[in-house]
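Participant: Please read through the structure below; I'll follow up with questions.
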Amino acid sequence: MADISLAAETVFHLGPLPVTNSLLTTWVVVALILLGTFILKRRVAERPGGFQNVVESVMEGGLGLMDSVTQDRKQTLKYFPFVFTLFIFIILGNWLGLLPGVGSIGFHEMHDGHEVFVPLFRGPAADLNFTLALAAISVVATQVIAVVTVGFMRHLKKYVNFKDPIMGFVGALEAISEFAKLISFSFRLFGNIFAGEVLLIVIGLIIPYVVPIPFLFLEIFVGFIQAFIFSVLTLVFLKIATTADSH
Amino acid sequence: MDVDSAKVFAAAIAIGVGGLGPGLGIGILAAKAMEAIGRNPEAAGKVQVPMLIAMAFAEAIAIYALVVALIIKFI
Numbered sequence: 282m283a284d285i286s287l288a289a290e291t292v293f294h295l296g297p298l299p300v301t302n303s304l305l306t307t308w309v310v311v312a313l314i315l316l317g318t319f320i321l322k323r324r325v326a327e328r329p330g331g332f333q334n335v336v337e338s339v340m341e342g343g344l345g346l347m348d349s350v351t352q353d354r355k356q357t358l359k360y361f362p363f364v365f366t367l368f369i370f371i372i373l374g375n376w377l378g379l380l381p382g383v384g385s386i387g388f389h390e391m392h393d394g395h396e397v398f399v400p401l402f403r404g405p406a407a408d409l410n411f412t413l414a415l416a417a418i419s420v421v422a423t424q425v426i427a428v429v430t431v432g433f434m435r436h437l438k439k440y441v442n443f444k445d446p447i448m449g450f451v452g453a454l455e456a457i458s459e460f461a462k463l464i465s466f467s468f469r470l471f472g473n474i475f476a477g478e479v480l481l482i483v484i485g486l487i488i489p490y491v492v493p494i495p496f497l498f499l500e501i502f503v504g505f506i507q508a509f510i511f512s513v514l515t516l517v518f519l520k521i522a523t524t525a526d527s528h
Numbered sequence: 008m009d010v011d012s013a014k015v016f017a018a019a020i021a022i023g024v025g026g027l028g029p030g031l032g033i034g035i036l037a038a039k040a041m042e043a044i045g046r047n048p049e050a051a052g053k054v055q056v057p058m059l060i061a062m063a064f065a066e067a068i069a070i071y072a073l074v075v076a077l078i079i080k081f082i
């Protein structure tokens, strides 16, 4: 039976810190993004060709989509770096996890007596640590940006309200819902991508020829949608948190 | 029934029942969105993005059920 492990397996240690296969893949994603950035920066041409063209059209699409959510170009430009980075990071991670070799190339280890297969690479989002970290960044950044934009007291008034009992209760619920956002962001991304990996492994075990193709297409699509949802939801929560509610 | 067989059942029931609500929810969402687009085809672009966002929330519940099933199965 295939060794499907919920937690990402450690491949080596950097001193006292374990490095998991998901972390290794994350480093590959970061290296790819940095490479792309340096290539773009070197030759920024007035009449773009090839790579720059693709990046520019993707950015235009992203800006247009963000405009439809924020209804304000200034806000879009302000949040674009953060939201778009989330999108690019997650989508590259998801798609890299589908490449042949990821999840299949690895080494055999002995764990408590029986032999376990440890893949060298694994989709980054299939590790709850990765998604939890991104979710924490998203939620904390939303709070910080809200405080910086709207002002500390006004932002606090959304959650803590002593004058009106009903609004006070609503405020408490909102505070709890911030933590629910943390859980929901991380588990949505983790669940989707990990379930996709398990699905591909199981299908590959049953019929390895031809049949995995539609499932691979599904996973490509799911990878895109989950990255999209993560970034759009971050943007929506940012927008909600920075609108000063005037009752 | 010993613990291991109970675990197998628990995992299956967790995701099976857990998929009902979100499935219905997403179906209703999509139906309303289709209605809206049918009534006003020009608003298709404006309806799409909020529909996707709402579907993400509904799907998240199914994902919670899936994660519980996975935890039961693998831990």
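In the order they appear, the protein sequences are chains S and E. Residues in the first sequence are numbered consecutively from 282, following our numbering. Residues in the second sequence are numbered consecutively from 8, following our numbering. Just so you know, even glycine gets a beta-carbon here, dropped at the ideal spot from N, CA and C.
What separation, rounded to the nearest whole angstrom, lies between the Cα atoms of Ile487(S) and Phe496(S)?
Facilitator: Approximately 13 angstroms, taken between the alpha carbons.
Participant: Would Leu486(S) pass as an interface residue toward chain E - the criterion being a Cβ-Cβ separation below 9 angstroms?
Facilitator: no
Participant: Once the 5 residues before and after Val475(S) are set aside, which same chain residues still bring their CB inside 7 angstroms of it?
Facilitator: The question names Val, yet the displayed sequence has Phe at residue 475(S). So the qualifying residues of the chain are Ala407.
Participant: Can you give the beta carbon distance from Lys439(S) to Glu455(S), rounded, assuming they're within the 8 angstroms contact cut?
Facilitator: 6 angstroms
Participant: The beta strand (DSSP E) spanning Met347(S) covers which residue range?
Facilitator: Looking at the DSSP string, Met347(S) is not in any beta strand (DSSP E); the run it does join, the alpha helix (DSSP H), is 332-351.
Participant: Spell out the partners DSSP gives Phe511(S) in its beta bridges.
Facilitator: In the DSSP output, where bridge partners are listed per residue, Phe511(S) has none listed.
Participant: Measure the beta-carbon distance from Ser357(S) to Thr366(S) and round it to whole angstroms, keeping in mind my assumption that it falls under 8 angstroms.
Facilitator: The amino acid occupying residue 357(S) in the given sequence is Thr; Ser does not appear at that position. Not really, about 14 angstroms apart at Cβ, beyond 8 angstroms.
Participant: So for Glu290(S), helix, strand or coil by DSSP?
Facilitator: coil
Participant: Within 9 angstroms (strictly less), CB to CB, does Glu290(S) reach chain E?
Facilitator: no
Participant: For Ile457(S) versus Ala416(S), is the C-beta distance shorter than 9 angstroms?
Facilitator: no
Participant: Straight-line CA distance for Glu478(S) to Phe402(S)?
Facilitator: 12 angstroms
Participant: May I ask you to check if the CB of Thr366(S) is nearer than 8 angstroms to at least one heavy atom of the ligand FMN?
Facilitator: Within the structure as shown, the ligand FMN is missing, as the structure has no ligands at all.
Participant: In chain S, which residues lie less than 8 angstroms from Met16(E) when you measure between Cβ atoms?
Facilitator: The sequence given here has Phe at residue 16(E), not Met. What Phe16(E) touches in chain S: nothing, since even the nearest Cβ is about 19 angstroms away.
Participant: Using a Cβ cut-off of 9 angstroms (strictly closer), state whether Gly342(S) contacts chain E.
Facilitator: no
Participant: For Lys269(S) and Met347(S), I'd like the C-alpha separation in whole angstroms.
Facilitator: Here chain S covers residues 282 to 528 and nothing more, so residue 269(S) does not appear.
Participant: Can you have a look at Ile521(S) and say buried or exposed, based on whether 16 or more other CB atoms are within 10 angstroms of its CB?
Facilitator: exposed
Participant: Using a Cβ distance threshold of 8 angstroms, determine whether the region 59-74 of chain E contacts the region 30-38 of chain E, with at least three qualifying pairs required.
Facilitator: yes
Participant: When DSSP labels each residue in this structure, what does Leu298(S) get in the three-state scheme?
Facilitator: strand
Participant: Could you name the residues of the region 34-48 of chain E whose beta carbon sits closer than 9 angstroms to any beta carbon of chain S, in the order they occur along the chain?
Facilitator: Those would be none; no residue qualifies.
Participant: Between Phe518(S) and the rest of its own chain, which residues show a CB-CB distance below 6 angstroms, the 5 nearest in sequence each way excluded?
Facilitator: Thr423
Participant: How about Ile70(E) and Ile510(S): do their beta carbons lie closer than 9 angstroms?
Facilitator: In this structure, Ile70(E) lies away from Ile510(S), with their beta-carbon atoms at least 9 angstroms apart.
Participant: Taking just the CA atoms, how far does Phe433(S) sit from Ile314(S)?
Facilitator: 35 angstroms
Participant: Quick one: list the residues of chain S neighbouring Leu59(E), beta-carbon separation under 9 angstroms, in chain order.
Facilitator: Ile506, Phe509, Ile510, Val513
Participant: Nearest-angstrom Cα distance between His436(S) and Met58(E)?
Facilitator: 28 angstroms
Participant: Going along the chain, which residues of its own chain have a beta-carbon closer than 7 angstroms to the beta-carbon of Leu480(S), five neighbours each way excluded?
Facilitator: Around Leu480(S): Phe496.
Participant: In terms of DSSP beta bridges, what is Met391(S) paired with?
Facilitator: Glu396(S)
Participant: Can you give, in chain order, each stretch of the beta strand (DSSP E) that sits fully within the region 425-475 of chain S and has at least 3 residues?
Facilitator: none
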